[in-house]
Each structure stands twice: as C-alpha cells, then as structure tokens.
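Under my numbering, residues 32 to 365 are what the sequence shown spells out, in order.
Quick reminder that beta carbons are idealized off the backbone N, C-alpha and C, glycines included.
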Amino acid sequence: MTNRQITVEELPADALLPEHFKLSETDMPVPGDGELLLRVILMSIDAANRSWLRGATYRAAVKKGDPMPTYAICEVVESNNPKHSPGDIVASEAVWADYVTAKAHKVEKLPKVETLSHLMSVYGIAGKTAYHGLMSIGQPMAGETVLVSAAAGSVGGYVGQIAKALGCRVVGIAGGAAKCKWVVDEMGFDACIDYREAGLSKALAAACPNGVDVYFDNVGGKILESSLNFMNEKGRVVCCGAISQYDTDTPTGPRNLPGVIVVKRLKMEGFIVMDFAHNDAKCIRAMQHWVSTGQIKVTEDIVEGLENAPQALIGLLAGDNKGKRLVRVAADPS
C-alpha cells in the first residue's frame, strides 16, 4: 500500500505557482513506539503557509524536498499508545498527504460534533485566532469602532462578527465589490471598503467618521499604513498577519512608524494563536454561544482532493476564498 504526499519541488522566489509543488507516491509511513498512524481527513489552508516557504518564522523553515506542513484533523488508524484507539478523531501537525505518523502526546483528541469541519473553522484555528487576538489584545468595548482587513477571510469574518456581538461598529476591508457586499450582507458588518478601488483613505474617513479604536490587521503593507492614520488616541492594533507581503521580496509600508504610534499613543502587538491556548476553553464556550444565538455564522470554503491543495493555497493568497479554506483529503468516518 502506498501513500500520496505533496512535497516542495522548488522554493518560490516570487509568486507561488503550482510547479513549486510535486505530488508523488511514497511508502506507507510506519508508526514507531508511542506513535500513531493517522489518516488525514481535513487540512487547514492558511496564508501563513506561504510565509513558511520564505524562511524560519515561529516554526522551522520549509526546505526544498520537504513535504508541505499543515495542521489537520485526522482519524487514528493504528495506535502504539494506550490512550488512543483506532477510530479516534484527533487534531495534529501533519503534512500534505493521505497518511502521516505523529507522536501520541502531541495530538489532541477532538470531541464528537455534528459537522467535523467546524473543529477547524469556528471552533478551530480560525475562530480561536479571531477571538484571542480581538479579546486579549484589541479589548473592544461596546460603541467602539473596530476595523478589520481581509474581512472575508477565515479569521477576519469571525473578528467582525465577534465585535458586532459585543456591540461595536464594525468596518471591513476586502477585495472586490462582490466580496465587500458579502461581508456586509452575510457577515453583518456595518460597512466594507474595497481596497482595490482608488481612494482608500477617503473611503476609510467616510466609513469611520469617529475614527478607529481597534484595528485587526491581517495584511500589513499599505493598508496597515493607511489604517493607522485613522486610529484614535489609545487605539489598539492587533497584528495577525501580513498577506500583502508573503508573495513578494519587496514589502512596502507602513512608512508612518513609529511616529503615529507615539503621537496617538497606540498599542500595537503581534501574536500567534498558541500564545493564548490557556484561554481556549473560554473561547469555545463564547463561540458556541454566539453560534447558537445566530450572532456568528460559520463560513467554510472546502476544496475537495489532496491533489488540489497547491491551487487551494495559491487561490487563497489571491483572495478567492470566502471564509475558512480547508482541503478535504478523505471522507468523514462518521
């Protein structure tokens, strides 16, 4: 029996392309002592995947020839650990493949839910990133204005919905008129600005007449630069990602640092979702409540088939997704 996996054929110097990846068949991985053989069901596709190909970040750099790493929901097929049994559903670090092995103490047993994919979207990385960044760093209060870039993305959509549930005015930034309409009509934002249109600063001024108290930044670059100019004194800037810079060697902006931070006495802080793992239970309780009351809509963009993972990531970087993007590698065993 063989195992399909996707490796990095060549490290990209510029825009990510399908030819940077290679799908091949390998021997079936064999679990060692204390390890599990896992069948990959759903893989998370995130903009951060692209940054891993640029060098070391919060994890080791991905090198030419390496299997492409990911975070996945998997089914235990074989277990060399008494705490896990075949059929268990777990979350684990993995690679783009049909099967992987993992050390048992590094996987997380997942609860039974009606829709398995929700454990990777609203109750998974996307929802936790949105909640922890907004609540722990942004600290929004009812009546404040919250601005969110990449508002139609996996994290941005939840950030806006959480802020609305807390009584804030929420303004999104997204690419294209159709996507902006979706953010307002479906996600419930008060307004959404199309960054592809000319006059970003004028649009920000119109949408945020009382300034911005919390800016949740997923993109960096010129959008971050423009948004900082509209921050109110003592505003909070949550730095979650830099999508605009992942596919280029010539990142731009912001040019108004540190001046604007000093003058407006802003707090600007970056984070990784794992920083707040100690608050995960609180996050899940809150998200479950908001989902049950309809204050949060679950949005997922599922691409079928392991072989389509490269294009799923390339498309996400181009902004063709609405909500959390996943790749379904195998059928849900339930």
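Relative to the C-alpha of residue i, which candidate in the options has its C-alpha closest?
i    : options                : result
M99  : K134, L42, E106        : L42
N111 : A135, D244, K313       : A135
E335 : W321, V360, I345, A312 : V360
V39  : H51, A46, A92          : H51
E300 : G251, V268, N310       : V268
D97  : V107, T57, A349        : T57
V215 : P62, V358, K353, V71   : K353
K140 : M262, A103, L297       : A103
A78  : H163, Q170, G187       : G187
If you measure between the beta carbons of residue i and residue j, is that distance less than 9 Å?
i    : j    : result
F302 : C271 : yes
L84  : L47  : yes
V190 : L165 : yes
P60  : V131 : yes
L73  : S148 : yes
T446 : C211 : What the structure shows of the chain is the stretch from 32 to 365, and residue 446 is not part of that stretch, so it cannot be assessed.
G203 : A182 : yes
V179 : Y226 : no
I274 : G251 : yes
L357 : D129 : no
A340 : I193 : no
G325 : G206 : no
L67  : V108 : yes
E124 : T101 : yes
E217 : K328 : yes
Any idea if residue i is buried or exposed, counting beta-carbon neighbours within 10 angstroms, 16 or more meaning buried?
i    : result
S55  : exposed
Q36  : buried
E264 : exposed
S75  : buried
D332 : buried
Assuming residue i is part of the alpha helix (DSSP H), what are its boundary residues?
i    : result
S258 : 252-259
N80  : 79-83
V138 : Segment: none, V138 is in no alpha helix (DSSP H) and carries neither H nor E.
G164 : Segment: none, G164 is in no alpha helix (DSSP H) and carries neither H nor E.
Y89  : Unbroken run through Y89: none, as it is neither H nor E.
G187 : 187-196
K265 : That residue, K265, is in no alpha helix (DSSP H); its beta strand (DSSP E) goes 262-270.
S232 : 231-238
Relative to the ligand SAH, is the shortest distance from any of its heavy atoms to the C-beta of residue i smaller than 8 Å?
i    : result
W213 : Absence of the ligand SAH from the depicted structure is noted, as is the absence of any ligand whatsoever, leaving it without description.
In terms of residues, what are the limits of the beta strand (DSSP E) holding residue i?
i    : result
D216 : Counting along the chain, D216 falls outside any beta strand (DSSP E), though it belongs to the alpha helix (DSSP H) covering 208-216.
V177 : 176-180
Enumerate, from N- to C-terminal direction, the unbroken alpha helix (DSSP H) stretches of 4 or more residues contained entirely within the region 275-319.
-> Counting only runs of 4 or more, we get 290-295.
Ignoring anything shorter than 3 residues or poking outside the region 35-69, list the beta strand (DSSP E) runs there in chain order.
-> 52-58
Where in the region 316-359 do unbroken runs of the alpha helix (DSSP H), each at least 4 residues long, occur, reported from the N-terminal end onward?
-> 340-348
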